[in-house]
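A.B. asks: Would you mind keeping the following structure in view while I ask a few things?
Number of protein chains: 2
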Amino acid sequence: MKELEDRIIKDGTVKSGGVLKVDSFLNHQMDVALFQDMAKQWHEDFADAHINKVLTIEASGIGIAAAVAAEFGVPAVFAKKSQSINLDGSVYTTPIKSFTHGRTYDVIVSKRYLGPDDHVLIIDDFLANGAAMRGLLKICAEAGATVEGIGIAVEKGFQPGGRDLRADGYTVDSLAIVESMDPETGEITFRH
Amino acid sequence: MKELEDRIIKDGTVKSGGVLKVDSFLNHQMDVALFQDMAKQWHEDFADAHINKVLTIEASGIGIAAAVAAEFGVPAVFAKKSQSINLDGSVYTTPIKSFTHGRTYDVIVSKRYLGPDDHVLIIDDFLANGAAMRGLLKICAEAGATVEGIGIAVEKGFQPGGRDLRADGYTVDSLAIVESMDPETGEITFRH
């Protein structure tokens, strides 16, 4: 998606260690007009899928998922990252290892909001190793929900998450795939 | 706001310990059509304020804030709850005690996304003791930003957060104020 790629070029910053900072518009400050355009693109791409639920994981995916849910006219569910006393015992849960934070946490979705009737579009801001996505897929499998596709804002194409998910048969629709990036020059190239 | 009150009556559940579960439409599964109506109400209520930024705190506030930002045509910023390696050192930070989770965590906003030119509408899903809100207000004060108002989905009127904030001169616009609720009968009454 050219609009997102252009925005990454304009406002993204490449840091060492394979870190791409896009927090001025994607995952700290949110440009919701951009989110709405991204949602329209996914809506077009998944026009033939009968999606009736959007699933994401807190926190950075939520704003994007809300825009997508509005565009599709369906509810969104965000998986929570730790047991909260406001959740019943009746939950799906799976551990996820976070590379960003260097620890393992539990991801939780209430059984009331995901089930066999759900045709799910999973949304997240980033896809790198795919650890969080594997957790969400495991929860969808437990729920008996059908995963119609995976919508990612920025995929790090030089990490294996997207490749492995496509090899497993999932439709991964990444609006920008970073092929390479150089922390010295700041140069970013995209895969098309 | 009648639509929100009706929805709380229909789908909310009163638990012991002053807990109101609204996770079927507000803070786990999200009814974004409802969020858009809430955003319209705040837009009407704050028509005379020159709001150019929405501020919230992860995670439950983000979906609502995204809808509000879309309605106002401004960016939204969500405060993060723990130091992330994807954030620069250049941040505002303050500790907040969570009554829900029984621990203290740091709340962080990058200095690049909040400053003296910002006229802020703070959005959150719940207001009870006001601890999280006090943290966001402290960050706004540090940034030199002007707080035009506070938009809350559900205020627990039997806890002191809203009363204290109004006594301090803040415009607190809660779309539903729960006056009392009974875990035995499930009855919920609203303040008008």
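Chains as they are written, first to last, in the working numbering: chain A, -2 to 189; chain B, -2 to 189.
Ideal Cβ positions, reconstructed from N, Cα and C, are used throughout, including at glycine.
Opposite residue 17 of chain B in the DSSP bridges: which residues?
C.D. replies: B:11
A.B. asks: Between the stretch 137 to 156 of chain B and the stretch 116 to 124 of chain B, are three or more C-beta pairs nearer than 8 Å?
C.D. replies: Contact between the stretch 137 to 156 of chain B and the stretch 116 to 124 of chain B is present, because at least three Cβ pairs lie under 8 Å.
A.B. asks: Between which two residues does the beta strand (DSSP E) containing residue 123 of chain B stretch?
C.D. replies: In the DSSP annotation of this structure, the continuous segment of the beta strand (DSSP E) that includes residue 123 of chain B starts and ends at 116 to 124.
A.B. asks: Return yes when the Cβ of residue 31 of chain B is within less than 8 Å of the Cβ of residue 0 of chain B, no when it is not.
C.D. replies: Residue 31 of chain B sits close to residue 0 of chain B, with the two beta carbons spaced by under 8 Å.
A.B. asks: So residue 110 of chain B contacts chain A; which residues on that side make the cut at Cβ distance below 9 Å?
C.D. replies: Contacts between residue 110 of chain B and chain A, judged by CB atoms closer than 9 Å, involve 20, 21, 25, 26 in chain order.
A.B. asks: Please decide whether residue 77 of chain A counts as near chain B, where near means a Cβ-Cβ distance under 8 Å.
C.D. replies: yes
A.B. asks: Exposed or buried, what is residue 145 of chain B when buried is set at 16 or more other beta-carbons lying within 10 Å of its beta-carbon?
C.D. replies: buried
A.B. asks: Going by Cα to Cα distance, which pick from B:139, B:59, B:131 is closest to residue 87 of chain B?
C.D. replies: Residue B:139 is the option with its Cα nearest to residue 87 of chain B.
A.B. asks: Any idea if residue 164 of chain A is buried or exposed, counting beta-carbon neighbours within 10 angstroms, 16 or more meaning buried?
C.D. replies: exposed
A.B. asks: So who's on the other strand from residue 95 of chain A, going by DSSP bridges?
C.D. replies: According to DSSP, which records beta bridges pairwise, residue 95 of chain A is partnered with A:100.
A.B. asks: Is there a Cβ of chain B sitting closer than 8 Å to that of residue 107 of chain A, yes or no?
C.D. replies: yes
A.B. asks: From residue 184 of chain A to residue 126 of chain B, what does the alpha carbon distance come to, in whole angstroms?
C.D. replies: 47 Å
A.B. asks: Helix, strand or coil for residue 156 of chain B per DSSP?
C.D. replies: coil
A.B. asks: Please tell me whether residue 190 of chain A and residue 90 of chain A are closer than 8 Å, where the distance is taken between their beta carbons.
C.D. replies: As shown, chain A starts at -2 and ends at 189. That puts residue 190 of chain A outside it, with no answer to give.
A.B. asks: Indicate whether residue 177 of chain A and residue 155 of chain A have their beta-carbon atoms separated by less than 8 Å.
C.D. replies: yes
A.B. asks: What residues in the stretch 51 to 71 of chain B have a beta carbon less than 7 Å from any beta carbon of chain A?
C.D. replies: 55, 56, 59, 60, 63, 64, 66, 67
A.B. asks: So residue 132 of chain B and residue 93 of chain B are supposed to be a Cβ contact under 8 Å. How far apart are they, rounded?
C.D. replies: 4 Å
A.B. asks: Less than 8 Å between CB atoms is the rule here; does residue 150 of chain B satisfy it with respect to chain A?
C.D. replies: no
A.B. asks: To the nearest angstrom, how far is it from the Cα of residue 70 of chain B to the Cα of residue 115 of chain A?
C.D. replies: 32 Å
A.B. asks: Can you tell me whether DSSP reads residue 48 of chain B as helix, strand or coil?
C.D. replies: coil
A.B. asks: Let me make sure I understand the geometry here. Which of B:60, B:187, B:49, B:105 has the alpha-carbon closest to that of residue 35 of chain B?
C.D. replies: B:60
A.B. asks: Give me the Cβ distance between residue 41 of chain B and residue 55 of chain A, rounded to the nearest whole Å; I'm assuming they're in contact under 8 Å.
C.D. replies: So it is not a contact: roughly 29 Å between Cβ atoms.
A.B. asks: Check each residue of the stretch 29 to 43 of chain B: if its Cβ is closer than 9 Å to any Cβ of chain A, include it; give the result in chain order.
C.D. replies: 29, 30, 32, 33
A.B. asks: Return yes when the Cβ of residue 137 of chain A is within less than 8 Å of the Cβ of residue 111 of chain A, no when it is not.
C.D. replies: yes
A.B. asks: Under 7 Å: does the beta carbon of residue 76 of chain B sit that close to some heavy atom of the ligand FAD?
C.D. replies: By its list of ligands, the structure shown contains no ligand whatsoever, and the ligand FAD lies outside what it can speak to.
A.B. asks: Terminal residues of the continuous beta strand (DSSP E) containing residue -2 of chain A?
C.D. replies: Careful: residue -2 of chain A lies outside any beta strand (DSSP E) and carries neither H nor E.
A.B. asks: Whose Cβ in chain A lies nearer than 7 Å to the Cβ of residue 74 of chain B?
C.D. replies: 25, 26
A.B. asks: For residue 153 of chain B versus residue 14 of chain B, is the C-beta spacing smaller than 8 Å?
C.D. replies: no
A.B. asks: Near residue 82 of chain A, what residues of its chain come up, given a Cβ to Cβ distance below 8 Å and the 5 sequence neighbours on each side ignored?
C.D. replies: The pLDDT assigned to residue 82 of chain A is 49, lower than 50, so where the model puts this residue is not dependable, and the model offers no usable value.
A.B. asks: In the structure shown, what three-state DSSP assignment does residue 191 of chain B receive?
C.D. replies: Residue 191 of chain B lies beyond the range of chain B shown here (-2 to 189); nothing can be said about it.
A.B. asks: Can you give the beta carbon distance from residue 64 of chain B to residue 63 of chain A, rounded, assuming they're within the 8 Å contact cut?
C.D. replies: 6 Å
A.B. asks: Could you tell me the distance, in whole angstroms, from the CA atom of residue 26 of chain A to the CA atom of residue 188 of chain B?
C.D. replies: 34 Å
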